[in-house]
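Using the numbering used here, count along the sequence shown one by one with no gaps and you end on 382. One structure is given below, encoded as structure tokens.
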Amino acid sequence: MPAAALAEAERPLIGTLEENGVIDPDVLWSCTTCGACVEQCPVDIEHVDHIVDMRCYQVMIESAFPSEAGTMLKNPEKKGNPWGLAKKQRLEWTKEVDFEIPVVGRDIENLTEVEYLYWVGCAGALEDRAKKTTKAFAELLHMAGVTFAIMGGDEKCTGDSARRLGNEPLFQELGMENVMSLNAAFGEEVDDDGKVTAESRKPKAAKKIVATCPHCLNTLGNEYPQLGGDYEVIQARLLLRRRRCADVDGGADRQAHQQRARRRGPVPQPGHRLHRLPVLPRHADRLGQRQEDRSRKWLRHGRQGQGVRPGRGRGPAAPRLGQERVTSTHGEYDRGTIPTAVRSLGCSSNDSDPVQTNSMPPSISADWPVM
């Protein structure tokens, strides 16, 4: 085997430039595990799984990770949240709303008395900015007549950050504790091995959880089934949309609503109809922006220094229009009109005044440069 191949095989997988590593530690820990690379990869390489596995090796075997990650991993293990705050502070936000929010184990025995469990999350219960979202959503649920309860101090971090940082045992620990608390809150009983008994097991549709945090939503719905927690997890906005649609029944209220709708005419509602639009390439918007920027630059300076804006171009002022129809790379335009791309640049016959009408400035050239 060639010596160069042997030398390449001896390089450490994770290491700095001085260590002759293949992957720099800054690159490994800079990944946000968003999954965009996996979605865009033309050969379906699972980058995130490999990155998490390498982080797990660095954390569990090499004990080499950034100092910020050490704090992030220590607080959930000791206090159950990334900030290291006491669990009683998870209920502080409930004192800032003007209605009672039941807590499982304190106000109600289990979740069979309500429709949904509202999983607040660590940020939603402890972080000041996120608490605004929590209180607003709780008020919306209250106004919509949705009965819900929260776990309060029994709620812990889902362990999403621990798994993404490579501390798989911590994720397993936090996940098992949350699953046991949730199963008990839904009225299920466990045996000596910690598994739900067949007699008390409830269907997935009877264990409904609503979450505002996207990380908690993903962990509860997609990762906790691996630990024995199978729940119906719904996103907050989707729950409000479903409740709004369910409130429109076939009675007099709906008839009055239809009468008002006929009087005012059709009202565009783009939010819930976006799925009907044709699917466009992911980079179409960025490609269009690059083309627009290129057109702006071309219209401002022209090709090979031949300016098209009076007083702004590099060359002499262009001649006046002398034909009824102008043909350019932007299409054909009647005399007296100006293309949208030119109007957006603020071109006018007077260089100091913006365009106020759609009239074509007499100084715009009829001989548009060719790209």
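Cβ atoms here follow ideal geometry from the backbone N, Cα and C, with glycine treated the same way. All of these numbers come straight from a predicted model, not from anything done at the bench.
**Q.** Backbone CA spacing between Ile119 and Glu199 [nearest angstrom]
**A.** 15 Å
**Q.** Endpoints, beta strand (DSSP E) assigned at Ile62
**A.** Taken as a continuous stretch (DSSP letters only), Ile62 belongs to no beta strand (DSSP E), being part of the alpha helix (DSSP H) at His58 to Tyr68.
Q.
Report the CB separation of Ala173 from Phe182 in whole angstroms; it is logged as a contact under 8 Å.
A. 5 Å
Q: Would you list the one or two residues that DSSP bridges to Trp130?
A: Ala222
Q) Under three-state DSSP, which class holds Ile34? A) strand
(Q) Per DSSP, what are the beta-bridge partners of Phe159 in this structure? (A) Tyr127
Q) Would DSSP call Val386 helix, strand or coil? A) Not covered by the structure: residue 386. The range shown for the chain is 12 to 382.
Q. Using CA coordinates, which residue listed in Ser211, Leu231 and Pro214 is at the minimum distance from Ile220?
A. Leu231
Q. Helix, strand or coil: which one does DSSP assign to Ile72?
A. helix
Q) In terms of residue numbering, what span does the alpha helix (DSSP H) encompassing Glu79 cover? A) Ser78 to Lys90
Q) Cα separation between Ser41 and Val114? A) 38 Å
Q | Exposure label - Thr82; buried when at least 16 CB within 10 Å | A | exposed
Q | Euclidean distance between Cα positions of Ser211 and Thr144 | A | 35 Å
**Q.** Member of Thr208, Lys218 and Asp204 whose CA lies at the smallest distance from the CA of Phe197
**A.** Lys218
Q: Alpha carbon to alpha carbon, how far is Gly32 from Ala15? Give it in angstroms, no decimals.
A: 15 Å
Q) Taking just the CA atoms, how far does Glu138 sit from Asp241? A) 28 Å
Q.
Looking at the secondary structure, which residues open and close the beta strand (DSSP E) in which Gln246 lies?
A. Glu243 to Gln246
Q | Best match in Ala20, Lys206, Pro36 and Ala155 for proximity to Arg253 [C-alpha to C-alpha] | A | Ala155
**Q.** Limits of the unbroken alpha helix (DSSP H) element including Asn233
**A.** First-last for Asn233: undefined, no H or E at that position.
Q: Determine contact between the segment 176-191 and the segment 75-91, defined as no fewer than three beta-carbon pairs at a distance below 8 Å.
A: yes
Q: Consider the Cβ of Val108: report whether some Cβ of chain D lies at a distance smaller than 8 Å.
A: No chain D is present in this structure, which holds just one protein chain.
Q) Quick one: what's Ile119 bridged to in DSSP? A) Val115
Q: With distances taken Cα to Cα, identify the nearest neighbour of His153 among Thr105, Leu176, Glu243 and Gly170.
A: Thr105
Q. Name the DSSP beta bridge partners of Val201, please?
A. Val207
Q) Between the C-alpha atoms of Lys167 and Cys133, what's the straight-line distance to the nearest angstrom? A) 7 Å
Q | Where the alpha helix (DSSP H) containing Met187 begins and where it ends | A | Glu179 to Ala196
(Q) Would Arg66 and Leu39 qualify as a contact pair, given that the criterion is a beta-carbon distance under 8 Å? (A) yes
Q.
Given this structure, state the Cα-to-Cα distance separating Glu29 from Val70, to the nearest angstrom.
A. 21 Å
Q: Count the other CB atoms, across all protein chains shown, that sit within 10 Å of the CB of Thr223; report buried if there are 16 or more and exposed otherwise.
A: buried
Q: Confirm, please, whether the CB-CB distance from Leu128 to Met187 is below 8 Å.
A: no
Q. From Ala149 to Cys52, what does the alpha carbon distance come to, in whole angstroms?
A. 40 Å
Q | Gly205 versus His58: straight-line alpha-carbon distance, rounded | A | 35 Å
Q. For Ile390, which residues of its own chain have a beta-carbon under 7 Å away from its beta-carbon, when the five flanking residues on both sides are left out?
A. No statement about residue 390 is possible, as the shown extent of the chain runs from 12 to 382 and does not include it.
Q.
Please classify Leu228 as buried or exposed, where buried requires at least 16 other C-beta atoms within 10 Å of its C-beta.
A. buried
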